[in-house]
Amino acid sequence: MADITVELPDGTTRTMPPGSTVADLAGAIGPRLRKDALVGAIGGHLVDLAAPLGDGDQVRIVTAASAEGREVIRHSTAHVLAQAVTRLWPGAHYAIGPAVENGFYYDFELPGGERFTDADLERIEAEMRAIMAEDQPFTRSEHSVEEGLRIFADQPFKVEIITSVSHGADDDEDLGEVEAGPTVSAYTNSPAFRDLCRGPHVPSTGRLGHFRLMRVAGAYWRGDENRPQLQRIYGTAWESAAALDAYLTQLAEAEKRDHRRLVTDLDLLSFPSELGGGLAVWHPRGAIIRKEMEDYSRARHLAGGYEFVVTPHLTNQRLYETSGHLSFYKDGMYPPMELDNGTYYMKPMNCPMHCLIYRSRARSYRELPLRLFELGTVYRYERAGTLHGLMRIRGFTQDDAHIYCREDQLQDEIASLLEFVMSVLRAFGFTEFTANLSTKDPKKYVGSDEIWEKATDALTQALEKFGLPYEIKKGDAAFYGPKIDIDVRDAIGRTWQLSTIQCDFNHPERFDLEYVGSDNARHRPIMLHRALFGSIERFFGVLLEHYAGNLPTWLSPEQVRVLSVRDDHDAYAETVAATLRDRGVRVGVDLASEPLGGRVRTAKMAKIPYVLVVGDDDVAARTVGVNARGRAAAVRGVPLDDFVADVVREIGSHGAPEDE
RNA sequence: GCCUGGGUAGCUCAGUCGGUAGAGCAGCGCAUUCGUAAUGCGCAGGUCAAGGGUUCGAAUCCCUUCCCAGGCUCCA
Numbered sequence: 002m003a004d005i006t007v008e009l010p011d012g013t014t015r016t017m018p019p020g021s022t023v024a025d026l027a028g029a030i031g032p033r034l035r036k037d038a039l040v041g042a043i044g045g046h047l048v049d050l051a052a053p054l055g056d057g058d059q060v061r062i063v064t065a066a067s068a069e070g071r072e073v074i075r076h077s078t079a080h081v082l083a084q085a086v087t088r089l090w091p092g093a094h095y096a097i098g099p100a101v102e103n104g105f106y107y108d109f110e111l112p113g114g115e116r117f118t119d120a121d122l123e124r125i126e127a128e129m130r131a132i133m134a135e136d137q138p139f140t141r142s143e144h145s146v147e148e149g150l151r152i153f154a155d156q157p158f159k160v161e162i163i164t165s166v167s168h169g170a171d172d173d174e175d176l177g178e179v180e181a182g183p184t185v186s187a188y189t190n191s192p193a194f195r196d197l198c199r200g201p202h203v204p205s206t207g208r209l210g211h212f213r214l215m216r217v218a219g220a221y222w223r224g225d226e227n228r229p230q231l232q233r234i235y236g237t238a239w240e241s242a243a244a245l246d247a248y249l250t251q252l253a254e255a256e257k258r259d260h261r262r263l264v265t266d267l268d269l270l271s272f273p274s275e276l277g278g279g280l281a282v283w284h285p286r287g288a289i290i291r292k293e294m295e296d297y298s299r300a301r302h303l304a305g306g307y308e309f310v311v312t313p314h315l316t317n318q319r320l321y322e323t324s325g326h327l328s329f330y331k332d333g334m335y336p337p338m339e340l341d342n343g344t345y346y347m348k349p350m351n352c353p354m355h356c357l358i359y360r361s362r363a364r365s366y367r368e369l370p371l372r373l374f375e376l377g378t379v380y381r382y383e384r385a386g387t388l389h390g391l392m393r394i395r396g397f398t399q400d401d402a403h404i405y406c407r408e409d410q411l412q413d414e415i416a417s418l419l420e421f422v423m424s425v426l427r428a429f430g431f432t433e434f435t436a437n438l439s440t441k442d443p444k445k446y447v448g449s450d451e452i453w454e455k456a457t458d459a460l461t462q463a464l465e466k467f468g469l470p471y472e473i474k475k476g477d478a479a480f481y482g483p484k485i486d487i488d489v490r491d492a493i494g495r496t497w498q499l500s501t502i503q504c505d506f507n508h509p510e511r512f513d514l515e516y517v518g519s520d521n522a523r524h525r526p527i528m529l530h531r532a533l534f535g536s537i538e539r540f541f542g543v544l545l546e547h548y549a550g551n552l553p554t555w556l557s558p559e560q561v562r563v564l565s566v567r568d569d570h571d572a573y574a575e576t577v578a579a580t581l582r583d584r585g586v587r588v589g590v591d592l593a594s595e596p597l598g599g600r601v602r603t604a605k606m607a608k609i610p611y612v613l614v615v616g617d618d619d620v621a622a623r624t625v626g627v628n629a630r631g632r633a634a635a636v637r638g639v640p641l642d643d644f645v646a647d648v649v650r651e652i653g654s655h656g657a658p659e660d661e
């Protein structure tokens, strides 16, 4: 047999003896690579190290510390999880077990309807470590469909997968397990355990080990709430102990900055159970932050050519019949109130009401674009299990605007909108943005193809203009028009979807909105929906987590706290506070009733940007001792007037003590 | 809505086999007068989420409801 020549990623070629595998190739390149190699990629398709090479193949060796490598590790760890569970619970059925972001899961059905508890995780983890210590090889085998059905005869979920794939189903979930085709593949890592799987896997279980089982959860088979609910075990797995530690540290960090903890610790707001789930009351400190956010938003909107409107929280159902929402979204609305003059609903959105304002009189083309803005509070009956602090809540306030414009204005309007959105988000400390562009679902849409194309173009060009990285989500648009969603990246690298810009060809039609053009004829305007924060509550939560509670000075409820060293400095402390207050600074005073150290600590724990300490020297020289948040040492003897000027400047520029 | 786990003082949590509830922090009072992350002592604080059941006796066992956490599903 002739030698095999393969091409490596750098373009060089290498000739190998016939029958060589990916592992042989890695070994030929270097012993270190042979050791680090986890799987290979032939023509971009991941394969086991044991896979044979073919002449002319383009081959790449994949090591553990790569996205592909981690995915393989996670997938292989999931197999070991299933193996451990079948050892501990003989007769357990295992369903699917893919790699996911940061880890993996596996779904099980235990004999006799038994459930996992948190305590079981420890046992399972120990069993997994034993399997890894046994260093079992993962061996691939291929079978006909009939054979596959026989092998997995006692695994009903596997049988269902094999059956559906062999019938040509193209369910993504199934394809994670097996590839469509006349054969199915399986991996055996001990005589006692075999799993249906497309692979590839690490060469042996000994290559795994930097993992941790995280939690038990219920999950519907096939993600369908009408089908049985399985027991899902989630885990995380990494290529090294260091990577695992880094991940666990990041989780701990995220937990520390959980907004639900911070709102309590900082006394910002609460969710009294008397109100029912998903409804918050804002305490004074939280309300100050919120007011600052709203004031800033209003000021920017005013400057941006928006007109403010106000609409009621309650409406007759006729409105939602006109808008068409009722038939679609009734489930998400609070139930109707039947009154003698009709049926009323809490409003779940502001758009239809803004349309009524537009329609309240004849509109001229000269008025367009007409930008209506409202901090509109809406109520949506989110299902109980979906509520999550401020992030998913039942009563919330949208910074909602609807822009009515002519077709020839669409392009410019969208471009300036995008700029406006990013500019406002930057003022809140976000610097990294990405976007998603959702395009037409060909099966479900209203409006002409022409207008869809025009609007999609306008959105695309705006994204290009600002160099915003974006992904196209084909068919993801609402039926009424294409949209851009903007994600921000926070201080610890998580992304949050905040803003949205949506084209709407439906409302203008349903509300019969018109304007009189320069040609004296009636035309239909285009409507844009856009929210910048999305919801104030959610944005507030995101901000808290982004800053870990250390809000920039302009947003801090208490910007400065003045502490006197002894009570004969109390009067001067009050003078300092009054001076700051006169300049619009929010300032508190903590007089000398308990030791200074304790008062400093209290102020620090409240994350107050500036703690001022005043004693003998300061009274004499009209100075303050400045202890800035995030700074190791205090600065003594700062002239009061200098401090006032600095802090006023910082507030105006949306700065924080940490910036200096 | 579904699965699992929870709900004990304002917060964080302990409470053994079913025998009427405990700590730290916070709060209040008194003392302390102190130069940068916890001054001391004392006091008060509870329908053990709510309702029902079992029991001589329930924070503890059972049922229902509400709320919370993590998932699933959903998210106009």
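Last residue of the first sequence? That's 661 in the working numbering, and every number before it is there in order.
For every residue, glycine included, the Cβ atom is placed at its ideal position computed from N, Cα and C.
**Report entry** Environment of Met354 [buried if 16+ CB atoms lie within 10 Å]
**Finding:** The residue is buried, with at least 16 neighbouring Cβ atoms inside 10 Å.
Query raised in the report: Would Arg61 pass as a contact of Ala42 if the rule is Cβ separation under 8 Å?
Result: yes
Query raised in the report: Would you say the stretch 282 to 293 touches the stretch 316 to 331, given that touching needs at least three Cβ pairs under 8 Å?
Result: no
Query raised in the report: Three or more beta-carbon pairs under 8 Å between the stretch 441 to 448 and the stretch 475 to 489, yes or no?
Result: yes
Requested in this report: Taking 8 Å as the threshold, find out whether the stretch 508 to 522 comes into contact with the stretch 262 to 270 through three or more Cβ pairs.
Outcome: no
Report task. Inspect the CB distances between the stretch 350 to 367 and the stretch 386 to 403 and report whether three or more fall short of 8 Å. Result -> yes
Query raised in the report: Do the stretch 559 to 567 and the stretch 608 to 628 make contact, defined as three or more Cβ pairs closer than 8 Å?
Result: Enough Cβ pairs lie closer than 8 Å, so yes.
Report task. Can you check DSSP and say which residues form a bridge with Ile62? Result -> Gly41
Report task. Express the C-alpha separation of Asp413 and Ser424 in angstroms, rounding to a whole number. Result -> 16 Å
Query - Collapsed DSSP secondary structure at Ile652 in the structure displayed - result: helix
Query raised in the report: Could you give the residue range of the beta strand (DSSP E) that holds Arg562?
Result: 561 to 565
Query raised in the report: Apart from the five residues on each side of it in sequence, which residues of its chain come closer than 6 Å, Cβ to Cβ, to Leu371?
Result: Tyr405
Query raised in the report: What's the gap between the Cα of Leu552 and the Cα of Met606?
Result: 13 Å
**Report entry** Distance CB(Val23)-CB(Ala52) smaller than 8 Å
**Finding:** yes
Query - Every unbroken alpha helix (DSSP H) within the stretch 219 to 258, with a cutoff of 4 residues, ordered by chain - result: 242 to 257
**Report entry** Reference Asp248, options Met215, Ser536, Leu209, Ala621, closest by Cα
**Finding:** This sequence places Tyr at residue 248; Asp is not what is there. Minimum Cα distance to Tyr248 is reached at Met215.
Query - For Phe690, the nearest candidate out of Val217, Arg195, Arg116, Lys36 (CA to CA) - result: Any question about residue 690 goes unanswered here, given that the chain covers just 2 to 661.
Query raised in the report: Which residues mark the beginning and the end of the beta strand (DSSP E) in which Val489 is found?
Result: 484 to 490
Query - C-alpha distance - Arg124 paired with Asp225, whole-angstrom precision - result: 30 Å
**Report entry** Beta-carbon separation (whole angstroms), Gln230 vs Phe117, contact threshold 8 Å
**Finding:** Rounded, the Cβ-Cβ distance is 13 Å, inconsistent with contact.
**Report entry** Supposed contact pair Asn351 and Thr312 - C-beta distance, whole angstroms, cut 8 Å
**Finding:** 6 Å
Query - Beta-carbon gap between Thr496 and Gly656 smaller than 8 Å - result: No, Cβ-Cβ distance for Thr496 and Gly656 is not below 8 Å.
Query - Contact under 8 Å by Cβ, Gln503 with Arg539 - result: no
Query raised in the report: On the premise that Thr576 lies in contact with Gly535, defined as a C-beta separation below 8 Å, what is that separation, rounded to the nearest angstrom?
Result: The pair is not a contact, with the Cβ atoms about 43 Å apart (cut-off 8 Å).
Query raised in the report: Below 8 Å between beta carbons: does that hold for Arg381 and Gly430?
Result: no
**Report entry** Three or more C-beta pairs below 8 Å linking the stretch 385 to 395 and the stretch 271 to 280
**Finding:** In short, these stretches touch, since the Cβ pair count reaches three.
Query raised in the report: Residue range of the alpha helix (DSSP H) that Cys198 falls in?
Result: No alpha helix (DSSP H) contains Cys198, which DSSP labels as neither H nor E.
Report task. Count the other CB atoms, across all protein chains shown, that sit within 10 Å of the CB of Gly550; report buried if there are 16 or more and exposed otherwise. Result -> buried
Report task. Mind checking which residues open and close the alpha helix (DSSP H) that includes Gln84? Result -> For Gln84, the enclosing alpha helix (DSSP H) has its first and last residue at 68 to 89.
Query raised in the report: Alpha carbon to alpha carbon, what distance is there between His508 and Glu451?
Result: 18 Å
Query raised in the report: Excluding sequence positions up to five away, which residues of its chain have a Cβ less than 6 Å from the Cβ of Arg364?
Result: Tyr516
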